[in-house]
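J.: Below is the structure I would like to discuss, written out as structure tokens.
Chains as they are written, first to last, in the working numbering: chain A, 107 to 306; chain B, 476 to 1273.
Given below as structure tokens:
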């Protein structure tokens, strides 16, 4: 298989999470007004795109071998314990959040903060939806997902991920020299598959 | 026959996909296909040969990702040499029954440009320049820039092609399902940018199948004067039995493209998933097609990173407020490098209905080339309105046109030989719509004929530089009617005749007409109405003027340019609101006092600014700051520290306080009182880190508490921080880092400061930092949030 692309329409908004990311422990009217004003500006610009591919995975000690590339990490090896395959994906909600954050950083830091929180919530929701679909199609999968930067898996693993998924060409996500991604509301992660039941 | 000659009257066939064919022959995902030029030349040559035999006039070298970010210079040169050779070998092996060309293929750099990503525009130009130089050296016949999903990167690549070769250039972009590039550009915006810079053919490739790209192709055909190109994928990829297949057959592919050649499409080919079979089907299906002649659309248009704005449909409003002339507060903002003030003026004008923003930062004491470029780059990151670059400094004009993300409006050229010879070459190179003033070495003619004669001279000289008249917009110069009773009539008649006789669009700055007279708004409004009736295409005006807005919306409604008078009805609400705020003026300063505190606590930005303006009529500024603003801020700040107020509310209050301070600054500049401030406090996000929300929050609060903040921005090298601290002998520097990977840069910055500016206290903050960590890297203080930074600054400086 080669890298596939999937796009999603707007996913349901989790207001509690957005407020939490913005530093509010409870919803008050002013914060909610701000949240919805920002949401109106952001929602049409979101792209919700994922690219992914499937790899066999063999764990030998701390080495996780995916056939076309391998990574050495204790925590990733533990994550893949009992898995025979991995889905590797990159997801992004696009540049709209970055543009608005850049704009409001200069003009209204409260809006910048709220759009930042919305963007963080949007990319989480997108990843959750994709992971749920993978779990559904494959039967059992490992709990949650595993990204570069978790545990002892270095951010440098991004270089391999970008190379094998061709994220830049497929969904327009670029890797910066500091190993962060542009658009910033993007995630790369592995999903471990425990039992081979179905193919994507 | 050269490619340019062949392009004039023929339908041109490009080739199809390369990646899919290489994968079928063993290329592994993640392996660089460009290296196969050297390791598997026979396979690459064979694929090129198959495309030529299937009917391609042009094959693209296997150099999509061949750039200096991926390969060192030596390998890059070898790859491009081999790639061109492989294509030429393939060409030599097929019969010479039709013209065949070798195109140097250039794909995206793989990086997103600043400010969205971390690749500098000039660095991008340099990356593409290397690829172009090698392509030229080894004998490519033309250049194909393809699959670009960002207008700015496309501009960098085309600029590199133009600066390093004389070869024809085809440019195609990757449009998404919404018909736009990933970073937002519409087809019309791309045509404005690329035609302005002299692309020879413009189009779309990749991302979607021929059916889904039909809309984009039709949009391009509507506006492009150069040949339009389409290279779709073979539909959308699907996985069947673990293999990727595309869902459009060669026959269906050919049929769809064939119907588009009937609509004027002139250059066709395929992208991902297409094979020689698709090209064969395509050439067969269009064998008898007659290429439609190209038509010069003669569009007068400017663009931003996202959209094109064209002249002639409705009169356009060019916001004039970003200009220091006659504005004390603006001058102060420029001298203090307060870019935020300029950005705010830009966004407010956009909200008031401006279609284009004029940007003028010319002041005697200012480095105009640097400031203009900064202002334009910052503005184009936050607004999608096209900008008008307004300067008499040719170096400033060139530097700014170069980095402008779109086709700019250029203000201005005039009939003086010196002016035309300086400005036209820049417009030819970078694209642009030039405002042409009807004056020359002999001044401004008093007669209509005189101004028309200059306009004709400008049209002819522009043509000699290869600039068409639809890229000129004439300003017949508004003079004060108080000095010359016929001034307005001459200006308007010259305008009408340029519109009808020369067929050019026109623009005026209207407010000069009332110079020296009372109630200037009344004269300006009427003159604006008369100019619109004489065929004015655009006005440089104050979008906040209710009088001008009334005239504008009335004119549109009365001329059938406003269906159902919807625009008029919407605008009418603000006409009422714009009546001088009698309410606030009569409000008692006594109630305003408590109102101001409330407005700040509740985070009401506009109310805080207005209430402060009322208070200033009776209360000294310092008293307002100490008696109203600071107590209100303290109330919110203490709430935040006690966790009864959350961050968004703290920020909204801070913004309201900032708006109150803005009123005070404006008042103090007008009364020439020096604003009091403590500091300076040098602030930066450290090198490598592009996150600056936290830093901006700290800045806002510090300013609220009266500190002068020197904001160095994000991704700031240690040397720049040290230099700023030394220059101003700053007692305090604040550094922010969000990522563990950039904390070493913070440590390095602190070490440099301790060495070169030992008097300066360094306070640090950011998501990954802790008190222990801050101590370890040598910081004087760790602040867990913005309020704590303020408290520490008060201790050190206050």
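Note that the Cβ used here is the ideal one computed from N, Cα and C, for glycine as well. Values in this document were obtained by computation on a predicted structure and should not be read as measured data.
In chain B, which residues lie less than 8 Å from residue 175(A) when you measure between Cβ atoms?
T.: 505
J.: When DSSP builds the beta bridges, which residues end up paired with residue 162(A)?
T.: 191(A)
J.: Mind pulling the chain A residues with CB within less than 7 Å of residue 987(B)?
T.: Within 7 Å Cβ-Cβ: nothing; residue 987(B) doesn't reach chain A, min ~31 Å.
J.: Taking a contact to mean a Cβ-Cβ separation below 8 Å, would you say residue 621(B) touches residue 658(B) in this structure?
T.: Cβ atoms of residue 621(B) and residue 658(B): not closer than 8 Å.
J.: Along the chain, where does the alpha helix (DSSP H) that runs through residue 495(B) open and close?
T.: 494-499
J.: What is the rounded straight-line gap between the Cα of residue 119(A) and the Cα of residue 1259(B)?
T.: Computed Cα separation, rounded: 30 Å.
J.: Given this structure, state the Cα-to-Cα distance separating residue 623(B) from residue 977(B), to the nearest angstrom.
T.: Annotation: residue 623(B) to residue 977(B) spans about 38 Å, alpha carbon to alpha carbon.
J.: For a quick check, are the C-beta atoms of residue 1221(B) and residue 1210(B) less than 8 Å apart?
T.: Yes; because the gap between Cβ atoms is below 8 Å, this pair is in contact.
J.: Whose C-beta lies closer than 6 Å to the C-beta of residue 497(B) among residues of the same chain, with five residues either side of it excluded?
T.: 508
J.: For the region 1173-1199 of chain B, which residues have a CB atom closer than 8 Å to at least one CB atom of chain A, in sequence order?
T.: 1175
J.: Could you round the C-beta distance between residue 1078(B) and residue 1124(B) to whole angstroms and report it? I think they count as a contact, below 8 Å.
T.: 6 Å
J.: Give the DSSP bridge partners of residue 703(B), in chain order.
T.: 677(B)
J.: Assuming the contact rule is C-beta atoms closer than 8 Å, residue 1015(B) and residue 982(B) should be a hit. Round their C-beta distance to whole Å, please.
T.: 6 Å
J.: Where DSSP assigns a beta bridge to residue 295(A), which residues make up the other side?
T.: Answer is 195(A), bridged to residue 295(A).
J.: Could you tell me which residues DSSP puts in a beta bridge with residue 953(B)?
T.: Residue 953(B) pairs with nothing; no bridge assigned.
J.: By Cβ distance, which residues of its chain are closer than 7 Å to residue 562(B), with the 5 residues on each side in sequence left out?
T.: 523, 534, 536, 577
J.: What is the DSSP secondary structure of residue 1257(B), counted as helix, strand or coil?
T.: strand
J.: Helix, strand or coil: which one does DSSP assign to residue 1013(B)?
T.: strand
J.: Any chance you could list the beta strand (DSSP E) runs of at least 3 consecutive residues sitting entirely within the region 1063-1115 of chain B, in chain order?
T.: none
J.: Name the two residues that bound the continuous beta strand (DSSP E) containing residue 623(B).
T.: Segment 617-623, the beta strand (DSSP E) holding residue 623(B).
J.: Within the continuous alpha helix (DSSP H) that includes residue 1136(B), where are the two ends?
T.: 1122-1145
J.: On the CB-based measure, 16 or more other CB atoms within 10 Å of its CB, does residue 571(B) come out buried or exposed?
T.: exposed
J.: Between 748(B), 1050(B), 988(B), 1137(B), which has its C-alpha nearest residue 804(B)'s C-alpha?
T.: 1137(B)
J.: Give me the chain A residues within the contact set of residue 1240(B), using Cβ-Cβ distance strictly less than 9 Å, ordered along the chain.
T.: Result: empty, since nearest Cβ-Cβ is about 15 Å, beyond 9 Å.
J.: Can you list the residues of chain A that residue 1124(B) reaches, using a CB-CB cut of under 7 Å?
T.: 136, 137
J.: Taking C-beta to C-beta, are residue 1134(B) and residue 1182(B) nearer than 8 Å?
T.: no
J.: Using a beta-carbon distance cut-off of less than 8 Å, what residues from the region 196-213 of chain A approach chain B?
T.: 200, 201, 204, 205, 207, 208, 209, 211, 212, 213
J.: Tell me which residue opens and which closes the alpha helix (DSSP H) that residue 999(B) is part of.
T.: 995-1008
J.: Helix, strand or coil for residue 889(B), going by three-state DSSP, please let me know.
T.: strand
J.: Compute the minimum distance between the beta carbon of residue 866(B) and the heavy atoms of the ligand GTP, and state whether it is under 7 Å.
T.: Of the ligands one can find in the structure shown there are none, so the ligand GTP has no counterpart to examine.
J.: Out of 1108(B), 1120(B), 1130(B), 1139(B), state which residue places its alpha-carbon closest to the alpha-carbon of residue 1097(B).
T.: 1139(B)
J.: Should the region 828-841 of chain B be called in touch with the region 850-865 of chain B, which here means at least 3 C-beta pairs below 8 Å?
T.: Output reads yes: the region 850-865 of chain B touches the region 828-841 of chain B.
J.: Taking only three categories from DSSP, how would you classify residue 797(B)?
T.: strand
J.: In or out: residue 992(B) buried (at least 16 other Cβ within 10 Å) or exposed?
T.: Exposed, by the Cβ-count rule.
J.: Give the secondary structure of residue 300(A) by DSSP, where H, G and I count as helix, E and B as strand, and everything else as coil.
T.: In the three-state reduction of the DSSP assignment, residue 300(A) falls in the coil class, being assigned neither a helical nor a strand state.
J.: The alpha helix (DSSP H) spanning residue 845(B) covers which residue range?
T.: 843-857
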